[in-house]
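In my numbering, the protein residues as written are 351 to 562.
Every residue, glycine too, gets a C-beta built ideally from N, C-alpha and C.
Note that the coordinates shown come from a computational prediction; the quantities given were computed from them, not determined experimentally.
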């Protein structure tokens, strides 16, 4: 008689229909593109808060009505909402998952923005692209880099020379805000983007493997 091989507990778990269905869903194309619901709100909020920290100085130099008037301008909507939507979907949601199959996470994060930077201002967009790719990788959400991109497009590169047009003590206060914003961003960037907070199961494995 044929001796049947014992079925291990691991094979029972991995071959169970419910487990197979869960794996199909967890590795679906929507998950890879960062288009999912779980962890959506924290991803948007964290991305916005971190980027606002980075631009704390420039933000305090703008008037509140400046924001209100911009939302009524179609050119502003095109440049700061529609354009980031298409660019982030192409370079982050579509390209970064492919690069993560070939490179370590830290390498993929810095290689991805090079393609983005070639079509724009290379230095600034490459630095921003690395930040955007980092947000996508850590949160696993497309909306995280999209939020940061739209906000950065609105703010533009900080005009440091404008600080000199203010008189003390306001000038010293603005310099302080620039510095404290940068320090806070550097200190909180990694802890506030813990993959577990955003139900990021796909890229969480790559994250912990890169820290081994």
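Q: Would you kindly work out how many angstroms separate the C-alpha atoms of residue 509 and residue 378, rounded to a whole number?
A: Along the chain shown, read from residue 1 onward, the residue named residue 509 stands at position 159. Along the chain shown, read from residue 1 onward, the residue named residue 378 stands at position 28. Using only the alpha carbons, I get a separation of about 43 Å.
Q | Coarse secondary structure for residue 488, derived from DSSP in three states | A | Along the chain shown, one-based indexing puts residue 488 at 138. Three-state DSSP puts residue 488 in a helix.
Q. For residue 535, is the classification buried or exposed, using 16 other Cβ atoms within 10 angstroms of its Cβ as the cut-off for buried?
A. Mapped onto the chain shown, residue 535 falls at position 185. It is buried - the Cβ of residue 535 has at least 16 other Cβ atoms within 10 Å.
Q: Name the residue from 445, 433 and 478 whose alpha carbon lies nearest to the alpha carbon of residue 382.
A: In the chain shown, residue 382 corresponds to position 32, counting from 1. For the residues 445, 433 and 478, the minimum Cα distance to residue 382 belongs to 445.
Q. Residue 506 by DSSP, collapsed to three states: which one?
A. For the purposes of this step, residue 506 is taken as the residue at position 156 of the chain shown. In the structure shown, residue 506 sits in coil (DSSP, three-state: anything other than H, G, I, E or B).
Q) Run through DSSP, which three-state label would residue 411 get? A) Taking the first residue of the chain shown as 1, we reach residue 411 at position 61. Of the three classes helix, strand and coil, the one that applies to residue 411 here is coil, per DSSP.
Q.
Give me the residue from 507, 491 and 500 with the minimum Cα distance to residue 577.
A. Any property of residue 577 remains undetermined from this structure, which presents the chain solely from 351 to 562.
Q.
Taking the alpha carbon of residue 485 as the reference point, which residue from 548, 515 and 409 has its own alpha carbon closest?
A. Counting from one through the chain shown, the residue named residue 485 turns up at place 135. Selected option, being the one with the closest Cα: 548.
Q. Can the beta-carbon of residue 439 be found closer than 9 Å to that of residue 492?
A. Sequence index remark: in the chain shown, residue 439 carries index 89 (1-based). Sequence index remark: in the chain shown, residue 492 carries index 142 (1-based). Yes, they are a contact pair.
Q) Whose CA, out of 483, 389 and 442, lies closest to the CA of residue 342? A) Residue 342 is absent from the model: the chain starts at 351 and stops at 562.
Q. To which residues of the same chain is residue 503 closer than 8 Å at the C-beta, ignoring the five residues directly before and after it?
A. The residue given as residue 503 occupies position 153 in the chain shown. For residue 503, where only same-chain residues beyond five positions count, the Cβ hits under 8 Å are 429, 430, 433 and 434.
(Q) Rounded to whole angstroms, what is the Cα-Cα separation between residue 448 and residue 533? (A) In the chain shown, residue 448 corresponds to position 98, counting from 1. In the chain shown, residue 533 corresponds to position 183, counting from 1. Roughly 32 Å between the two C-alpha positions.
Q. Can you give the Cα-Cα distance for residue 495 and residue 410, rounded to whole angstroms?
A. Here residue 495 refers to the residue found at position 145 when the chain shown is read from its first residue. Here residue 410 refers to the residue found at position 60 when the chain shown is read from its first residue. Cα-Cα distance, rounded: 23 Å.
Q) Can residue 507 and residue 474 be called in contact, C-beta distance under 9 Å? A) Looking up residue 507 in the chain shown gives position 157. Looking up residue 474 in the chain shown gives position 124. Yes, Cβ-Cβ distance for residue 507 and residue 474 is below 9 Å.
Q. For residue 436, is the beta carbon positioned less than 8 Å from some heavy atom of the ligand HEM?
A. Because no ligand of any kind appears in the structure shown, any question about the ligand HEM cannot be addressed here.
Q) For the alpha helix (DSSP H) that contains residue 522, what are its first and last residues? A) Translated into positions along the chain shown, residue 522 becomes position 172. Start and end: 520-538.
**Q.** CA-to-CA distance, residue 425 to residue 396, given in whole angstroms
**A.** For the purposes of this step, residue 396 is identified with residue 46 of the chain shown, where counting begins at 1. For the purposes of this step, residue 425 is identified with residue 75 of the chain shown, where counting begins at 1. Approximately 27 Å between the Cα atoms of the pair.
**Q.** Inter-residue spacing [alpha-carbon to alpha-carbon] between residue 537 and residue 423
**A.** Your numbering for residue 537 matches position 187 in the chain shown. Your numbering for residue 423 matches position 73 in the chain shown. If I take the Cα positions, the gap works out to 36 Å.
Q. Thinking C-beta only, is residue 487 closer than 9 Å to residue 450?
A. Within the chain shown, numbered from 1, the residue matching residue 450 stands at position 100. Within the chain shown, numbered from 1, the residue matching residue 487 stands at position 137. Taking 9 Å as the Cβ cut-off, residue 450 and residue 487 qualify as a contacting pair.
Q. Anyone know if the C-beta pair for residue 476 and residue 401 falls short of 9 Å?
A. In the chain shown, the residue the question calls residue 476 occupies position 126. In the chain shown, the residue the question calls residue 401 occupies position 51. Going by C-beta atoms, residue 476 is not nearer than 9 Å to residue 401.
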